[in-house]
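Structure record follows, encoded as structure tokens.
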Amino acid sequence: MYYILHAFKQEFVVYLPLIFIIFGVVGFIGNTFTFLQSTLRFNSCCIYLLCGSFVDVINLLSNYLHSTTDYTLSLITIRYVCKLKLFSFFLPQLSINFLILSLIDRFASTCSLTSSIRHIRQLELVPSIILVAIIISSIMSFYGPFYYDIVTHIGCTCTDRFL
Numbered sequence: 001m002y003y004i005l006h007a008f009k010q011e012f013v014v015y016l017p018l019i020f021i022i023f024g025v026v027g028f029i030g031n032t033f034t035f036l037q038s039t040l041r042f043n044s045c046c047i048y049l050l051c052g053s054f055v056d057v058i059n060l061l062s063n064y065l066h067s068t069t070d071y072t073l074s075l076i077t078i079r080y081v082c083k084l085k086l087f088s089f090f091l092p093q094l095s096i097n098f099l100i101l102s103l104i105d106r107f108a109s110t111c112s113l114t115s116s117i118r119h120i121r122q123l124e125l126v127p128s129i130i131l132v133a134i135i136i137s138s139i140m141s142f143y144g145p146f147y148y149d150i151v152t153h154i155g156c157t158c159t160d161r162f163l
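First residue of the sequence shown: 1, per this note's numbering; consecutive thereafter.
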């Protein structure tokens, strides 16, 4: 049984990240063509979803690069690579924030015309809201550069005992 599982791992599991990359890029291209149609191009919800899809494909490609070069946290011995790797965890958070923004936008579209929340659907506010989402995601991931560092004979690890 062990040999069958080992052969399965050697033959199929090693190619899973590449398969995920291919499907992810194809999905991103499909989302791009869909959300850039003339009827959807000026919809704030579609803009948030397109930004989230763009962040997802960047996250897929960066994680694939790290998995192919075996940059696990214990093997990283360069200080700035350790801090940059941990700060890159803001990409999944940013994608979730864009999804939440699109949900809020859809909720705002169902509110009454006199509701104050409907003002966030204006296209002039979309770049500002995207910038705020990026800043919030960056702040939420800012613990990495502060609390993680290179420790001799261990690698990139948390240097604060209380975390």
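For glycine and all other residues, C-beta sits at the position ideal for the given N, C-alpha and C. Since we're looking at a predicted model, the values are computed, not measured.
So which of the options has the shortest CA-CA distance to residue i?
i: serine 62; options: Leu123, Phe90, Ile104, Val13; result: Phe90
i: leucine 93; options: Glu124, Ile139, Ile4, Val14; result: According to the sequence provided, residue 93 is glutamine. The question's leucine does not apply to it. The candidate whose alpha carbon is nearest that of glutamine 93 is Ile139.
i: phenylalanine 20; options: Leu60, Val81, Glu124; result: Leu60
i: phenylalanine 42; options: Pro127, Ile134, Thr152; result: Pro127
i: threonine 157; options: Glu11, Leu18, Lys85, Ile135; result: Lys85
i: isoleucine 130; options: Asn97, Thr152, Ile150; result: Asn97
i: isoleucine 136; options: Phe54, Arg79, Ser95; result: Ser95
i: alanine 108; options: Leu40, Ile78, Ser44, Gly24; result: Ser44
i: serine 102; options: Phe23, Leu18, Cys46; result: Cys46
i: valine 55; options: Ile120, Thr152, Ile134; result: Ile134
i: isoleucine 154; options: Ile78, Ser38, Ser116; result: Ile78
i: valine 25; options: Tyr80, Ile150, Gln10, Tyr64; result: Tyr64
So, is residue i buried or exposed, given that buried needs 16 or more other C-beta atoms within 10 angstroms?
i: valine 57; result: buried
i: isoleucine 100; result: exposed
i: arginine 82; result: The amino acid occupying residue 82 in the given sequence is cysteine; arginine does not appear at that position. Classification of cysteine 82: buried, given that the 10 Å Cβ count is 16 or more.
i: valine 14; result: exposed
i: tyrosine 2; result: exposed
i: aspartate 105; result: buried
i: tyrosine 148; result: buried
- Decide yes or no for the touch test of the segment 26–33 against the segment 46–54: beta carbon pairs closer than 8 angstroms, at least 3 of them. Flag = yes, the segment 26–33 and the segment 46–54 touch.
- Task: Ignoring anything shorter than 3 residues or poking outside the segment 88–157, list the beta strand (DSSP E) runs there in chain order.
- Result: Fully enclosed beta strand (DSSP E) runs of 3 or longer: 148–151.
- Item | Contact the segment 80–96 vs the segment 136–151: 3+ CB pairs below 8 angstroms | Counting C-beta pairs with one atom in each stretch, the segment 80–96 and the segment 136–151 have three or more that are closer than 8 angstroms, which means they touch.
- Item | 4-residue-minimum alpha helix (DSSP H) runs that sit fully inside the segment 7–60, ordered along the chain | Taking only runs of at least 4 residues, the alpha helix (DSSP H) segments lying wholly in the segment 7–60 are 16–35.
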